[in-house]
Amino acid sequence: MLEAMQSALVGLLAVEHFAFMLLGIVVGLCVGILPGLGGIAGMSLLMPFIYGMDPVSALAMLVGMVAVIPTGDTFTSVLMGIPGSSASQATVLDGFPLAKKGQAARALSAAFSASLLGGVFGAVMLTGFVVVAKPLILSFTTAELFMFALLGLSVVGVLAGQSIVRGVVACGLGLMVGAIGAAPATGESRFDLGLEYLQDGIPLVIVGLGLFAIPEIAELIRRSRPIASAGGLGSGWLQGVRDTFSNWFLALRCSALGTFIGAIPGLGGGVVDWIAYGHAAQTTKDPSGFGKGEIRGVIAPESANNALQGGALMPTLLFGIPGSGSMAVFLGGMVLLGMQPGPSMVTGDLSLTYTIAWTLAFSSIIGAVICFFLAVPIARLTFVPFNLIAPFMIMVICFAAFQARRDLTDLLVLFAIGIVGIFLRRFGWPRPAFLIGFVLSSQVENYLYQALQFYGWSFVQRPGVLIIGALAIVSTLLALRSRVSEEGAVEKNPRGEELQQPALGGGSAAERRPQIVFAVLLLATFIYGVLNSAPLSFLGSVFPFYTAALMVGFTAYIVMMLAVGRTGHSAHFDQELAARAQGTHDGTSIWPSVGWFVMLFGMTALVGFIIAVSIFITTFLLARTRLGVLRSLIYTALSVGFMSILGHFLTLDFPAGLLQHYIELPWPLK
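Those letters in the sequence shown? Residues 11 to 680, by the numbering used here.
Below, the structure written as structure tokens:
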């Protein structure tokens, strides 16, 4: 084994192989900085170039890229409040408030330090457990995997804020949205409304961007101020490093969580950061700062989502079972290079396995160092009025969403989920709980019906199931002691559902009408879920039917409390009313900001994406900034040029409008 490790290290440090690893790192950082693209798009970008390459060089490039994407996506999470990927959602909760305070460099450097520790930890675990993990992972049946998925859902209790019922309903809504499309067991259509697009479900990138990016961008456009309100960066980047090493044990624990969750196929990056964030909140003596700029709320998820990569490589290499979406593409790359994942990776191809482990460690270190040099200059973006950044960010988000299916409907679904995200945010329904439900929906259903087929309901008596179930119960009980709100703030020891905080937006019955209407719409959605799934076969309906039926009861309770509950009940929350009560509301509405999205999507349907973006950016800048005509046109030309070049290298045809059905346009305008 030592000889194989030494041989792998010597091979990787050869000039050619090391250069390809650096190339992968650079590509990974660029992909990470662009919101919503993530490992799947990045790996797909490199696939055409690895054919015929030396296996060591190709693996170095692929692993170098996938190792640093969770590091690069921290930039937008911290600076813009826009998750760079599904694995950086939790970083927003405290990273973005730190940026608003003028401590963006501190948040970024802490994130990069934690990413370095997490990445190296994952590589060490991959190295040490590449053999011993094999019998452990093989012992997991579908019954245990189902319980692991439920364990992932139990983190919803942590993310429920003052009202755990509202958190459960938000999670249930995510489970229902995740069940849209063909039933995995029978192929029966569910909840697709007769639309061909919905028959394959809704892509994760669209759900993530819709829930988090659109509401935050609309709010920032509404305020029309710089992201940061403080007046200098100071030496925050050094403080961030000190913060990470002061909390080294937290980073180590979260790295272990990330590695373990990554090794379980199907869980992956969609929930690991939330689990780590909840762990940090529950194990901190004074959690009052979470959601307001608590540095531990940055360190925990960043160490976990980087360690995830080492864990995800374990089932990928040992069993040919991809531990995540990006690992699925990586698996295809290995096959393209003539390698066969499986037991041979720990026998005849052991040196290649250690090449991957060494690359993961080196890439994590080099990627973090590169980001340290970029942290301070990029953090200065937070002092630029957001109206100057907004049109470019909207363009990039639409581009990332269009990567999902390369269909104009991608943008329509993105907008629809964005509207839901705005209302969830306003009325205090935890969006992280929705996202966790969505991510785990297919895994929960798949493992449930497989466990029922193999073992019947007796699967609940298996020792592994009982142990994991006990862990889920303990997690839920801990969540009852302290819960994290939608904004990341920790609520210690909430007593039942009764509060004495009218400032939360309780208001009169008339003022609560928007909350009631939204809750009634959710109730109608769950009733539709019951009616739509009831006629299906048992395996096709068992998951959505009982989920929807359970949510009908919880949502009806919330509707009743909104209608007749006393003022101050935890179900009463309206961000607009709360802002007015606290004197922080500026009197403007968020809907004119949403109108800019409507303008872009409508024009895209009419004239195509590139032409629509050109008109949109110029119009936005002239209406919302003082750049003037010439500088607005230059800004537009540079933005559209960047998007056109990126689309060209991704071999991407942008959404075509009605105009392009009748007129053949030249390449840059397609």
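We put the CB at the ideal spot given by N, CA and C, even for glycine. All figures in this text were calculated on a predicted structure; none of them were measured in a lab.
Looking only at its own chain, which residues have a Cβ that is under 7 Å from the Cβ of residue i, when we skip the five neighbours before and after it?
i    : result
M613 : A622, I625 and F626
A499 : Legend: pLDDT at A499 = 49, less than 50; position of this residue unreliable, value from coordinates given subsequently. Here the set comprises F300, G301 and K302.
L398 : T635
R232 : T598, I600 and S603
Y465 : A153
S17  : S361
I478 : E154, M157, F158 and L161
Decide if residue i is buried, meaning its Cβ has at least 16 other Cβ atoms within 10 Å, or exposed.
i    : result
V569 : buried
T598 : exposed
R176 : buried
F340 : buried
R641 : exposed
L487 : exposed
V604 : buried
S149 : exposed
S298 : exposed
E4   : Outside the displayed range of the chain (11 to 680) lies residue 4, so it cannot be described from this structure.
G651 : exposed
W601 : exposed
W368 : buried
I285 : buried
H658 : exposed
L370 : buried
A9   : Because the chain in this structure spans residues 11 to 680, residue 9 falls outside the shown range and cannot be described.
I92  : buried
F255 : exposed
F664 : buried
P387 : exposed
I620 : buried
V574 : exposed
W439 : buried
A544 : exposed
Write down the C-beta distance between residue i and residue j rounded to the nearest angstrom, noting that I regard them as a contact closer than 8 Å.
i    : j    : result
G191 : T269 : Actually they do not touch by this definition, with Cβ atoms about 31 Å apart.
L323 : I271 : About 13 Å separates the two Cβ atoms, so there is no contact after all.
L481 : L262 : Their Cβ separation, rounded to whole angstroms, is 20 Å, which puts L481 and L262 out of contact at 8 Å.
A559 : L533 : Wrong, their Cβ atoms sit about 12 Å apart, outside the cutoff.
M561 : F536 : 4 Å
G138 : S373 : G138 to S373, Cβ: 18 Å. No contact.
L318 : A290 : The pair is not a contact, with the Cβ atoms about 16 Å apart (cut-off 8 Å).
S234 : L127 : Contact flag wrong, Cβ pair sits at about 38 Å.
N456 : R200 : Not quite, the Cβ-Cβ distance comes to about 14 Å (not below 8 Å), so this is no contact.
D283 : Q99  : 6 Å
Whose C-beta lies closer than 6 Å to the C-beta of residue i among residues of the same chain, with five residues either side of it excluded?
i    : result
E198 : L546 and G550
R505 : Caution applies to R505, whose pLDDT of 42 falls short of 50 and renders its modelled position unreliable; the model cannot decide the point.
L632 : S642
D253 : A120 and I305
F444 : A180, L183 and G184
V695 : The shown model of the chain, from 11 to 680, leaves out residue 695, and the question about it has no answer.
G250 : R116, S119 and A120
G244 : Below a pLDDT of 50, predicted positions are generally treated as unreliable, and G244, at 49, falls in that range; the measurement from the model is reported next regardless. So no residue of the chain qualifies.
F30  : S67, A70 and M71
P401 : I627 and F630
G377 : I35, V78 and T81
Once the 5 residues before and after residue i are set aside, which same chain residues still bring their CB inside 8 Å of it?
i    : result
Y459 : P194, A195, L549, V552 and F553
M609 : F626 and T629
T557 : G182, L185, M186, A189 and G539
F607 : I224, A228, I404, F425 and G428
S382 : For the record, residue 382 in the displayed sequence is Phe; it is not Ser. Same-chain partners within the cutoff: S119, F122 and W247.
L33  : M71 and G74
H27  : G21, D64, V66, S67 and A70
Within the 8 Å Cβ cut-off, does residue i reach chain D?
i    : result
G268 : No chain D is present in this structure, which holds just one protein chain.
Original post:
Can we say the segment 362-369 touches the segment 58-72, given the rule of at least three CB pairs closer than 8 Å?
Top reply: Yes, they touch.
(message) With a threshold of 8 Å, are at least 3 pairs of Cβ atoms found where one atom belongs to the segment 447-455 and the other to the segment 635-642?
(response) Contact between the segment 447-455 and the segment 635-642 is absent, because fewer than three Cβ pairs lie under 8 Å.
Report yes or no: do the segment 33-44 and the segment 70-90 share at least 3 C-beta pairs separated by less than 8 Å?
Yes, since at least three Cβ pairs between the segment 33-44 and the segment 70-90 fall closer than 8 Å, the two stretches touch.
The segment 129-139 contacting the segment 433-441, beta-carbon criterion three pairs below 8 Å:
Cβ pair count under 8 Å is below three, so no.
If we count Cβ pairs, one from each stretch, closer than 8 Å, do we get three or more for the segment 417-429 versus the segment 526-533? Inter-segment contact for the segment 417-429 and the segment 526-533 is absent: fewer than three beta-carbon pairs are separated by less than 8 Å.
Q.
Counting beta carbon pairs with one atom in the segment 201-210 and one in the segment 461-472, are three or more of them shorter than 8 Å?
A. Segments in contact, no.
Is there contact here, the segment 120-131 with the segment 302-315, by at least three beta-carbon pairs under 8 Å?
By the criterion of at least three beta-carbon pairs nearer than 8 Å, the segment 120-131 is in contact with the segment 302-315.
Just checking, does the segment 342-353 make contact with the segment 150-164 on the three C-beta pairs under 8 Å criterion?
Segments in contact, no.
### Task
Could you tell me whether the segment 401-414 touches the segment 216-233, where touching means 3 or more Cβ pairs closer than 8 Å?
The segment 401-414, when compared against the segment 216-233, does touch it at the 8 Å Cβ threshold.
What ranges does the alpha helix (DSSP H) occupy inside the segment 246-310, keeping only unbroken runs of at least 4 residues that lie completely in it? DSSP runs (the alpha helix (DSSP H)) wholly in the segment 246-310: 246-256, 258-272 and 279-292.
With a floor of 4 residues, list each alpha helix (DSSP H) that falls wholly inside the segment 386-442, ordered by position along the chain. Taking only runs of at least 4 residues, the alpha helix (DSSP H) segments lying wholly in the segment 386-442 are 396-412 and 418-436.
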